[in-house]
Amino acid sequence: MQPLVLVIGNQNYSSWSLRPWMLLRHLGLEFEEHTLTLDSPEFRRDIANLSPTLKVPALHHGATVIWDSLAICEYVCELAGRGLPRDTAARAVARAVAAEMHAGFSALRDQWPMNARAERRRVATTPELSRDVARIESIWQDCRQRFGAGGPWLFGDYSLADAMYAPVILRFRTYGDGFAPATRDYMATALADPHLQAWIKAARAEPWIIAAAELGAAQATLPG
259 MQPLVLVIGN QNYSSWSLRP WMLLRHLGLE FEEHTLTLDS PEFRRDIANL SPTLKVPALH
319 HGATVIWDSL AICEYVCELA GRGLPRDTAA RAVARAVAAE MHAGFSALRD QWPMNARAER
379 RRVATTPELS RDVARIESIW QDCRQRFGAG GPWLFGDYSL ADAMYAPVIL RFRTYGDGFA
439 PATRDYMATA LADPHLQAWI KAARAEPWII AAAELGAAQA TLPG
């Protein structure tokens with residue numbers, strides 16, 4: 259197979275980059291990372307040659323370029339022959355919840371920007387954000403109850419759906435509190451995943467700061 263090259267942004271902030279990166283790692287497909295620093299002269303200079311939308315991520319596979327996170331995830335599932343549930347109904351639901359993440363939850367995106375190295379930040383909560391959080395918790399609980407008997411992920415085995423919600427795990431860890439037990443269990447599974455841990459480690463090593471994504475004051479940890 260021709261080499262795969264995934265063009266990504268800063269690992270601390272680029273939620274869209276995290277999604278296909280996680281799926282590629284879980285599917286065991288070898289790929290090269292090409293990182294562009296967001297909002298930098300390098301990004302503005304190079305992105306036109308790497309992504310037709312001038313955004314990250316983009317996947318290069320020989321002469322083929324795929325430039326949307328969900329499309330990339332679908333493509334690598336086809337390359338690997340796995341990454342989606344085998345059952346027809348489960349597969350349809352996995353695609354539906356992935357598409358809902360791809361297209362929706364604008365309040366979550368705007369008010370809880372991904373900041374992989376930050377923890378225990380607190381920002382004001384709006385009704386729109388609360389609705390987004392409640393809907394995501396409902397999705398996770400429903401998928402685990404209906405389709406998760408075969409393993410710890412939303413559909414048992416790790417799937418495209420888990421990859422699409424990986425940045426939400428980090429957002430919940432950074433800003434959230436008071437989650438339902440099923441949410442906390444799924445978050446614990448995701449945060450213990452060595453691939454997500456590798457992403458967080460890389461994010462912590464990055465020197466770049468995007469001020470607009472540095473929201474909320476860190477909440478002190480109480481002793482004992």
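Residues in the sequence shown are numbered from 259 upward in steps of one, following my numbering. Ideal Cβ positions, reconstructed from N, Cα and C, are used throughout, including at glycine.
What residue range is occupied by the uninterrupted alpha helix (DSSP H) comprising residue i?
i: residue 454; result: 452-463
i: residue 346; result: 346-361
i: residue 365; result: 364-369
Could you check how far apart the C-beta atoms of residue i and residue j are, in whole angstroms? I think they sit under 8 Å.
i: residue 418; j: residue 352; result: 6 Å
i: residue 269; j: residue 461; result: 4 Å
i: residue 363; j: residue 394; result: 7 Å
i: residue 343; j: residue 413; result: 5 Å
i: residue 280; j: residue 453; result: 6 Å
In three-state DSSP terms, what is residue i?
i: residue 476; result: strand
i: residue 441; result: helix
i: residue 296; result: coil
i: residue 471; result: helix
i: residue 338; result: helix
i: residue 387; result: helix
i: residue 311; result: coil
i: residue 380; result: strand
i: residue 395; result: helix
i: residue 281; result: helix
i: residue 288; result: coil
i: residue 326; result: coil
i: residue 317; result: strand
i: residue 411; result: strand
i: residue 482; result: Note that residue 482 scores a pLDDT of 39, beneath 50, so its modelled location is shaky; the value from the coordinates is reported in the next line. The answer is coil: DSSP assigns residue 482 none of H, G, I, E or B.
i: residue 303; result: helix
i: residue 446; result: helix
i: residue 274; result: helix
i: residue 404; result: helix
Taking the continuous beta strand (DSSP E) assigned at residue i, which residues delimit it?
i: residue 432; result: Residue 432 -> not in any beta strand (DSSP E); alpha helix (DSSP H) instead, spanning 418-433.
i: residue 266; result: 262-266
I'd like the list of long-range same chain contacts for residue i, defined as Cβ closer than 8 Å, with 5 residues on each side in sequence excluded.
i: residue 379; result: 373, 432, 433, 473, 474, 475, 476, 477
i: residue 278; result: 264, 315, 317, 327, 330, 331, 334, 421
i: residue 438; result: 395, 399
Among the options, which residue has its Cα nearest to the Cα of residue i?
i: residue 325; options: 266, 398, 394; result: 266
i: residue 288; options: 319, 370, 343, 400; result: 319
i: residue 384; options: 396, 367, 398; result: 367
i: residue 425; options: 283, 260, 271, 435; result: 271
i: residue 440; options: 400, 262, 344; result: 400
i: residue 376; options: 459, 282, 283; result: 459
i: residue 391; options: 409, 436, 453, 405; result: 436
i: residue 451; options: 299, 469, 402, 283; result: 283
i: residue 468; options: 274, 298, 387, 411; result: 298
i: residue 444; options: 339, 403, 273; result: 403
i: residue 274; options: 345, 340, 361; result: 361
i: residue 471; options: 446, 388, 381; result: 381
Near residue i, what residues of its chain come up, given a Cβ to Cβ distance below 6 Å and the 5 sequence neighbours on each side ignored?
i: residue 466; result: 268, 295
i: residue 292; result: 263, 265
i: residue 356; result: 418, 419, 422
i: residue 349; result: 342, 343
i: residue 261; result: none
i: residue 386; result: 365
So, for residue i: in the same chain, excluding its five sequence neighbours on each side, which residues have a beta-carbon less than 7 Å away from its beta-carbon?
i: residue 359; result: 422, 423
i: residue 312; result: 305, 306
i: residue 429; result: 366, 370, 372
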